[in-house]
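For reference, the structure discussed in these notes is given below.
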Amino acid sequence: MKKFLAMALAAVMVLGVAGCGSSSDEKTEENTENTEQTGETTEGTDGIIKMGVSADFPPFESYADDAVTFVGFDIDLMQEICNRLGMELQIQDMNFDAIVAAVQTGKLDVGVSGITITDERKESVAFSDPYFVASQSILVQKDSPITSYEDLVNGDYTAGVQLGTTGDIMASEKISGRVSQYEKYGDALAALLAGKNDCMVLDTGVADAFAAANDLVVVGTFGEATDSENYGIAIAKENTELLEKVNGALAEMKEDGFIDELTAKYFE
Numbered sequence: 010m011k012k013f014l015a016m017a018l019a020a021v022m023v024l025g026v027a028g029c030g031s032s033s034d035e036k037t038e039e040n041t042e043n044t045e046q047t048g049e050t051t052e053g054t055d056g057i058i059k060m061g062v063s064a065d066f067p068p069f070e071s072y073a074d075d076a077v078t079f080v081g082f083d084i085d086l087m088q089e090i091c092n093r094l095g096m097e098l099q100i101q102d103m104n105f106d107a108i109v110a111a112v113q114t115g116k117l118d119v120g121v122s123g124i125t126i127t128d129e130r131k132e133s134v135a136f137s138d139p140y141f142v143a144s145q146s147i148l149v150q151k152d153s154p155i156t157s158y159e160d161l162v163n164g165d166y167t168a169g170v171q172l173g174t175t176g177d178i179m180a181s182e183k184i185s186g187r188v189s190q191y192e193k194y195g196d197a198l199a200a201l202l203a204g205k206n207d208c209m210v211l212d213t214g215v216a217d218a219f220a221a222a223n224d225l226v227v228v229g230t231f232g233e234a235t236d237s238e239n240y241g242i243a244i245a246k247e248n249t250e251l252l253e254k255v256n257g258a259l260a261e262m263k264e265d266g267f268i269d270e271l272t273a274k275y276f277e
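If you use the numbering used here, the sequence shown corresponds to residues 10 to 277, in order.
See the structure below:
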């Protein structure tokens, strides 16, 4: 696990520092990788599922040390779904805030990048059954005066977030005017390490990974202690056949223990 995080975070930092000059660049980074399938092609399809990710989100999706291969929880999850459906997985890296629109317009078949199921997003796309429960955390430097959610909200501290994420939405609501948005998590992390922001607001699993790799501290949950969110696979509303098949595969994977094994691999 530590070796995986070290490789993943190294890739994130390389990508992040290269792009940290601006937090509002209009860009979509594209790197496409085909992964091998097992089984027969599903009848009535072209045999390929095109998946969109933002590969700066370890341990869910990032690059291996070759800077080409995608690795992570979501990658393994979707590869197993494709294996069970007898289809080939094609992965495309892009900015997080472009994924849902790409699914909606048919440029992608699925978006799988730690995407929280929300009512607003459901206006644009359908979602699979949930496959992971998450929450938002506050990540700070070790000597930070921020020790809790209350400190952040009631003070004049600034937070870095990835554009379009749940952390962005929640922070922009709770501490409006003190939020810096970045296209990539690596950019937000670089800004925190450079002292440009006082903290980051981001998903707990990723916050833990960043803390372990960069000698940072997670000081608590952003929001109420009971706040949680469900990750789902984004699929075009009209693609009901694929949605049904994905949900069927997810149900099997929960029943036979694959999801539990995947969780243990990346979080224990």
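Note that beta-carbon positions come from the ideal geometry of N, C-alpha and C, so glycine has one too.
Asked	Found
Reduced DSSP secondary structure (H/G/I, E/B, other) of Thr213	helix
Cβ pair Gly169, Val226 closer than 9 Å	no
Euclidean distance between Cα positions of Thr114 and Ile108	10 Å
Span separating the alpha-carbon of Glu247 from that of Thr125	20 Å
Assumed close pair Ile58, Leu98 - CB separation to whole angstroms, cut-off 8 Å	6 Å
The alpha helix (DSSP H) enclosing Gln150, as first and last residue numbers	Gln150 -> no alpha helix (DSSP H), and no H or E assigned at all.
Contact set for Ala64: own chain, Cβ-Cβ below 7 Å, skip 5 residues either direction	Glu70, Ser71, Tyr72, Phe79, Asp102
Of the residues Gly214, Leu259, Val228, Tyr194, the one placed nearest Asp152, counting alpha carbons only	Val228
Segment contact, 8 Å Cβ cut-off, at least three pairs: the stretch 127-139 with the stretch 179-194	no
Span of the beta strand (DSSP E), counted from its first residue to its last, around Gly229	226-230
Thr213, buried or exposed, once every other Cβ within 10 Å from all chains shown has been counted against 16	buried
Neighbour-count burial assignment, Thr156, 16 or more Cβ in a 10 Å radius	exposed
Neighbour-count burial assignment, Thr249, 16 or more Cβ in a 10 Å radius	exposed
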